[in-house]
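Undergrad:
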Amino acid sequence: MCGILGWKSKNTKIDKQLIRNMAETIAHRGPDGEGFYYSEDSSLCLAHKRLAIIDPQNGQQPMSTHDNDLVVTFNGAIYNYIELRRELINLGYPLKSYSDTEVLLYAYKEWGIKCLDKFNGMFAFVIHDKKNRKLFGARDRLGEKPLYYFKDKNNFIFASEIKAILASKLVSPELNYYSLHEYLTFQYYLEDNTLFNNIFKIKPGHYFCLNEDSFQLEINEYWDIIHTKIQEEHSEDFYVDNLKALINDSISMRLRADVPLGSHLSGGIDSSAVAAMNALRLGESFKLKTFTGRFLEGADYDETKYAKEVSELIHSEYNEIIIKDSDFLEHIDDIIWYMDEPQAGPGVFSQYMVAKYASKKVKVVLGGQGGDETFLGYTRYFLAYYEKMLKRNIESKGDYYQRVLNSMTPNLYQLNGYQPLMQDFFAKGLFGSDSKRYFRLSDRFSSNESIFSKEFLVSGYDMFEKFDKIFSKYDTSIANKMSYFDMKTFLPSLLHVEDRTSMVNGIESRVPLLDHRIIEFAATVPVHIKFKDGINKYLPKRIFKNIIPDSIIERKDKKGFPTPTNLWFKTSLNKWVKDLLSDRRTIERGLYQKDELLKLIDGSSQFGRSLWGVINLELWHRKFIDK
């Protein structure tokens, strides 16, 4: 796991000291070593900061093939490198190490762009293909590893983090107002946008080619989650057995490392199952280390009871991290810097604190990220499916849908406490446009427009068309459309947080449930099986029933590791928030109406992250824009 960057100039030599300065901005991603490669005419540099996980002695980068035709800088892990290495050796390639970097290089040499179909892993890499005079780069399917770029007519710069590109001084840190609207609406960004003008991201599941002669950049998609109408439906056991085998294999692959391993453990189904399966795979001779965050603000923020129960069952070394409001003040400025741009909710803070502690004991940590998106675990998916069954029951002459509704009734308890969500979802009545309702449900901006200045609002950016292009790509159920949209937008934002909070603390985060084979297979499972008897995440609950406690499987109060920032902002951190938001620098940005902004402090609810969004944005301005 590492930090990568590079610079290709069309007609000038690269400043070597400037490249080193850029590399230093992402030194936290690779404390174990560094490397630099320059082309013969010095118009190209590839740089690398290394966190050594696999074959620490022989995985130095940038790495070349034996004939020096290819050079790579690579961030990530190819989990099936053992199988691919064997295949490449059988094809006659002289692999000398057990590094997945060498496997990646020779896979490209043998299969070209098609090598991406071979890789099971998380990755962002760029290869200098000298023979074909091009740069070839790619990002993994779901977006676990980041890759950003800047391009003008004479320069192409890429990096793992935006701050490295800014350090080139070719692009100044300027706010992109279209992206700002996206952030305020969703708390993430659509397509390839970032919050900086002229800096873009390579989207998950995409690759690029830069022709060194024409200087033309081409970006193409190589993978997507295909949702098509299911032609052949199988038995429930068929789906259970196949998913179980895929999850087992995914976890086995992700336990490959030459350094100490651990597991996140929140007390939910996904992290509990991953931890339990890790323990089973590693055996009794290896005592798995598990890490659980805890807040002392009461039961609403404390899931340690469940985490301890799982830990006792699997005989793990239980590590509990107490997280306090004073930690927030101590670390929030650093977190803003490492994040590059505001993303997602305040959970970034708690994840950072857990990763900081875990780094004292392990170098690789596995977690349960992705289970809700893959297996329809969010309550909003259940709500959409229930409404669809209600509609079909009204329209149908038979009793099938009535029986489905009857089977779901015992599980309607999960809607308790979600009245605001239901009000948003049904704001325009039952059975309305799927895409417009999900847009409304995702929109965190409209209800707080009064916070922002009229001048800012006049700039008007209607992003529904962009939203709908993603949401309505496939003709499938509303629950699948919601899941697909989340995997293309919300999930990469969560993975951004996962990457930054782990990398800055010198650990590699791995997420077995996001193996692309699991995602692809789950997309073929009929929705009525995913929600059988009105049980969300029905298949994982069946698969994991015998390896984690029933109390976890049957939980009715899963919280999702909530962070009590809203509580702190009203109490212990209230003065800090008011001082920040009423400060002259904040008001003079021209984005906010001061009186309305201060009202937000007292009006935020557990369902709204608007206050956190504004605080995050202001701190980001001070760290990146105010120079």
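Numbering-wise, the sequence shown is residues 1 to 627 according to my numbering.
Even glycine gets a Cβ: it sits at the ideal position worked out from N, Cα and C.
In this text, all values refer to a predicted model and were calculated from it rather than measured experimentally.
#1: Just the C-alpha distance for Ser-604 and Asn-566, rounded to the nearest angstrom, thanks.
#2: To the nearest angstrom, how far is the alpha carbon of Glu-87 from that of Val-497?
#3: From this set, Phe-445, Phe-215 and Ile-219, which residue's C-alpha is nearest Ser-9's C-alpha?
#4: Just curious, the alpha helix (DSSP H) that Val-527 is in, first and last residue?
#5: Label Ile-113 either buried or exposed according to how many other C-beta atoms from any shown protein chain fall within 10 Å of its C-beta, with 16 as the threshold for buried.
#6: Using CA atoms only, rank isn't needed, just tell me which of Ser-160, Asn-154, Lys-134 and Lys-153 is closest to Ser-146.
#7: Give a yes or no on whether the C-beta atoms belonging to Arg-589 and Val-240 are separated by under 7 Å.
#8: Taking DSSP as the reference, what is the three-state secondary structure of Thr-101?
#9: Going by Cα to Cα distance, which pick from Asn-480, Asn-21, His-48 and Ile-78 is closest to Ala-257?
#10: Rounding to the nearest angstrom, what Cα-Cα distance links Lys-397 and Asp-468 in this structure?
#11: Can Tyr-301 and Pro-562 be called in contact, C-beta distance under 7 Å?
#12: Just to confirm the assignment: which complete alpha helix (DSSP H) runs, minimum length 4, are found wholly within the segment 128–172?
#13: Does the beta-carbon of Gln-61 have 16 or more other beta-carbons within 10 angstroms, so that it is buried, or is it exposed?
#14: Check whether the segment 101–112 touches the segment 247–265, taking contact to mean three or more Cβ pairs, one atom from each stretch, closer than 8 Å.
#15: Compute the beta-carbon to beta-carbon distance between Leu-628 and Val-126, rounded to the nearest angstrom, for a pair I have assumed lies under 8 Å.
#16: Since Ala-479 contacts Tyr-401 with CB under 8 Å, what's their CB separation in whole angstroms?
#17: Using 8 Å for Cβ pairs, my map puts Ser-502 next to Ala-355. What's the rounded Cβ distance?
#18: At which residue ranges does the segment 445–518 contain complete beta strand (DSSP E) runs of 3 or more residues, listed in the order of the chain?
#19: What residue range does the alpha helix (DSSP H) around His-206 cover?
#20: Assign Ala-522 to one of three DSSP states: helix, strand, or coil.
#21: Determine the contact status of Lys-13 and Ser-42, defining contact as a CB-CB distance below 7 Å.
#22: Tell me where the alpha helix (DSSP H) around Asp-379 begins and ends.
#23: Determine the closest residue to Phe-208 out of Lys-169, Phe-349 and Leu-116, with distance taken between C-alpha atoms.
#24: Can you give me the start and stop residues for the beta strand (DSSP E) that Glu-221 sits inside?
#25: For Phe-119, does the three-state DSSP call read helix, strand or coil?
#26: In angstroms with no decimal places, state the Cα-to-Cα distance between Glu-174 and Ala-307.
#27: Any idea what DSSP makes of Arg-585, helix, strand or coil?
#28: For Thr-586, I'd like the list of residues in its chain whose CB is within less than 6 Å of its CB, leaving aside the five on either flank, ordered along the chain.
#29: Return helix, strand or coil for Leu-175, following the three-state DSSP convention.
#30: Let's test the definition: count the other Cβ atoms within 10 Å of the Cβ of Ile-230 and tell me whether it reaches 16, buried, or not, exposed.
#31: Our contact map puts Lys-131 next to Leu-84 with C-beta atoms below 8 Å; I'd like the distance itself, whole angstroms only.
#32: If we count the other Cβ atoms within 10 Å of its Cβ and call it buried at 16 or more, is Gln-343 buried or exposed?
#33: Where does Leu-611 land, buried or exposed, given buried means 16+ other C-beta within 10 angstroms?
#34: From Ile-547 to Ala-273, what distance separates their C-alpha atoms?
#35: In angstroms, rounded to a whole number, what distance separates the CA positions of Gln-606 and Ser-97?
#36: Compare the Cα-Cα distances from Thr-65 to each of His-48, Pro-94, Asp-434 and Ile-470 and report the closest residue.
TA: With the structure as the only source:
#1: By 1-based counting over the sequence shown, the position of residue 604 is 604. By 1-based counting over the sequence shown, the position of residue 566 is 566. Note that Ser-604 scores a pLDDT of 47, beneath 50, so its modelled location is shaky; the value from the coordinates is reported in the next line. Distance between the alpha carbons of Ser-604 and Asn-566: 7 Å.
#2: If you number the sequence shown from 1, residue 87 lands on position 87. If you number the sequence shown from 1, residue 497 lands on position 497. Between Glu-87 and Val-497, the C-alpha separation is close to 35 Å.
#3: Taking the first residue of the sequence shown as position 1, residue 9 is located at position 9. The residue with the shortest Cα to Cα distance from Ser-9 is Phe-215.
#4: In the sequence shown, the residue the question calls residue 527 occupies position 527. Here the alpha helix (DSSP H) through Val-527 covers 527–530.
#5: Along the sequence shown, read from residue 1 onward, the residue named residue 113 stands at position 113. Burial call: exposed.
#6: As a position in the sequence shown, residue 146 is number 146, starting the count at 1. The sequence shown places Pro at residue 146, not Ser. Looking at the Cα atoms, Ser-160 is the closest of the given residues.
#7: Position 589 of the sequence shown holds residue 589. Position 240 of the sequence shown holds residue 240. No.
#8: Looking up residue 101 in the sequence shown gives position 101. Reduced to three states, the DSSP call for Thr-101 is helix.
#9: Here the question's residue 257 lines up with position 257 in the sequence shown. Residue Ile-78 is the option with its Cα nearest to Ala-257.
#10: Locating residue 397 in the sequence shown gives position 397, where the first residue counts as 1. Locating residue 468 in the sequence shown gives position 468, where the first residue counts as 1. In a straight line, the C-alpha of Lys-397 is about 32 Å away from that of Asp-468.
#11: For this step, residue 301 is matched to residue 301 along the sequence shown. For this step, residue 562 is matched to residue 562 along the sequence shown. Yes; because the gap between Cβ atoms is below 7 Å, this pair is in contact.
#12: 162–166
#13: Walking along the sequence shown from the start, residue 61 turns up at place 61. By the 10 Å Cβ count, Gln-61 comes out buried.
#14: no
#15: The structure shown does not extend to residue 628, since the chain is modelled only from 1 to 627, so the question has no answer here.
#16: Taking the sequence shown and counting its residues from 1, one reaches residue 479 at position 479. Taking the sequence shown and counting its residues from 1, one reaches residue 401 at position 401. So it is not a contact: roughly 15 Å between Cβ atoms.
#17: Within the sequence shown, numbered from 1, the residue matching residue 502 stands at position 502. Within the sequence shown, numbered from 1, the residue matching residue 355 stands at position 355. Confirmed, about 5 Å.
#18: 508–510
#19: Locating residue 206 in the sequence shown gives position 206, counting from the first residue. Per DSSP, His-206 belongs to no alpha helix (DSSP H); it is in the beta strand (DSSP E), 206–211.
#20: As a first step, residue 522 is located in the sequence shown; it is residue number 522 there, counting from the start. Three-state DSSP puts Ala-522 in a helix.
#21: Indexing the sequence shown from 1 puts residue 13 at position 13. Indexing the sequence shown from 1 puts residue 42 at position 42. Yes, the Cβ-Cβ distance between Lys-13 and Ser-42 is below 7 Å.
#22: As a first step, residue 379 must be located in the sequence shown, where it is residue number 379. Going by the sequence as given, residue 379 is Thr instead of Asp. From DSSP, the alpha helix (DSSP H) with Thr-379 extends over 379–395.
#23: By 1-based counting over the sequence shown, the position of residue 208 is 208. The option with the nearest alpha carbon to Phe-208 is Leu-116.
#24: As a position in the sequence shown, residue 221 is number 221, starting the count at 1. First-last of the beta strand (DSSP E) with Glu-221: 217–221.
#25: Sequence index remark: in the sequence shown, residue 119 carries index 119 (1-based). Residue state, collapsed to three classes: coil.
#26: Counting from 1 along the sequence shown, the entry for residue 174 is found at position 174. Counting from 1 along the sequence shown, the entry for residue 307 is found at position 307. Rounded to whole angstroms, Glu-174 to Ala-307 spans 44 Å at the Cα level.
#27: As a first step, residue 585 is located in the sequence shown; it is residue number 585 there, counting from the start. Note: Arg-585 maps to helix in three-state DSSP.
#28: As a first step, residue 586 must be located in the sequence shown, where it is residue number 586. Here the set comprises Glu-618.
#29: Position 175 of the sequence shown holds residue 175. Three-state DSSP puts Leu-175 in a strand.
#30: One-based indexing of the sequence shown puts residue 230 at position 230. With fewer than 16 other Cβ atoms within 10 Å, it is exposed.
#31: Within the sequence shown, numbered from 1, the residue matching residue 131 stands at position 131. Within the sequence shown, numbered from 1, the residue matching residue 84 stands at position 84. Not really, about 22 Å apart at Cβ, beyond 8 Å.
#32: For this step, residue 343 is matched to residue 343 along the sequence shown. Gln-343 comes out buried.
#33: For this step, residue 611 is matched to residue 611 along the sequence shown. Under this definition Leu-611 is a buried residue.
#34: Taking the sequence shown and counting its residues from 1, the one referred to as residue 547 is at position 547. Taking the sequence shown and counting its residues from 1, the one referred to as residue 273 is at position 273. Going by the C-alpha atoms only, they are around 7 Å apart.
#35: Here residue 606 refers to the residue found at position 606 when the sequence shown is read from its first residue. Here residue 97 refers to the residue found at position 97 when the sequence shown is read from its first residue. Only weak support exists for where Gln-606 lies, its pLDDT of 43 falling under 50; the coordinates are left without a value.
#36: Sequence index remark: in the sequence shown, residue 65 carries index 65 (1-based). Among His-48, Pro-94, Asp-434 and Ile-470, the Cα nearest to that of Thr-65 is on Pro-94.
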